[in-house]
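Peer 1: Before I ask anything, let me first share the structure, which is written out below as structure tokens.
Numbering (this note's numbering), first residue to last: 1 to 157.
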């Protein structure tokens, strides 16, 4: 099998392609309520989830992109010390990150570290809806902040 073909799963039990989907694209916004209204009324997106993540210093909303399973994440700062406030001061509103869904955030982080990329956190942290997350340093990813998202396990019914 050539190296360009997908050979299945790695010894770590994750796919060779590492990512399973685009989970969301994060947009830094100064006012969450205004941004929710804009994405709802202009683009017809549905508010799928809203929460405050004090650890990350944000109020956030996930706006569903049709029935695709992907979202636009709106991120507004809780105060002027949050990372998003600093981003807005430096760059203004707009695309702040791209997030890829993964099966195992720790295993994918380990593979990326082996490939020479720096991760922002030593261990995964809590993300939206109790997901587990980590980030690739933007200087190692062509200037893009890349988020890895392992969704929370869904309770069995």
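Think of the CB as a built atom: it goes at the ideal place given N, C-alpha and C, for glycine as much as any other residue.
None of these values were measured; they are calculated from a predicted model.
Please determine if the region 124 to 134 and the region 26 to 45 are in contact, where contact requires at least 3 C-beta pairs separated by less than 8 Å.
Peer 2: Contact fails: fewer than three Cβ-Cβ distances are below 8 Å.
Peer 1: Spatial neighbours of residue 121 within its chain, please: C-beta separation below 6 Å, excluding the five flanking residues on both sides.
Peer 2: Around residue 121: 134.
Peer 1: Determine contact between the region 64 to 79 and the region 27 to 42, defined as no fewer than three beta-carbon pairs at a distance below 8 Å.
Peer 2: With a cut-off of 8 Å, the region 27 to 42 and the region 64 to 79 count as touching, because enough Cβ pairs lie within range.
Peer 1: Contact criterion: CB-CB distance below 8 Å. Does residue 141 meet it with respect to chain B?
Peer 2: No chain B appears in the structure shown, which is made up of a single protein chain.
Peer 1: Quick test of your reading: residue 158 and residue 126, contact by CB under 8 Å. State the CB separation rounded to the nearest angstrom.
Peer 2: Any question about residue 158 goes unanswered here, given that the chain covers just 1 to 157.
Peer 1: Please report the straight-line C-alpha distance between residue 14 and residue 113, rounded to a whole angstrom.
Peer 2: In a straight line, the C-alpha of residue 14 is about 15 Å away from that of residue 113.
Peer 1: Determine, using beta carbons only, whether residue 145 and residue 109 come nearer to each other than 8 Å.
Peer 2: Against a cut-off of 8 Å, the Cβ pair of residue 109 and residue 145 comes out as no contact.
Peer 1: Distance check for residue 117 and residue 107, CA to CA, integer angstroms please.
Peer 2: Looking at the two C-alpha atoms, the distance is approximately 14 Å.
Peer 1: Assuming contact is defined by CB atoms lying nearer than 8 Å, are residue 66 and residue 83 in contact in what I supplied?
Peer 2: Their beta carbons are not under 8 Å apart, which means residue 66 does not touch residue 83 by this criterion.
Peer 1: Rounded to whole angstroms, what is the Cα-Cα separation between residue 96 and residue 87?
Peer 2: Their Cα atoms are separated by approximately 8 Å.
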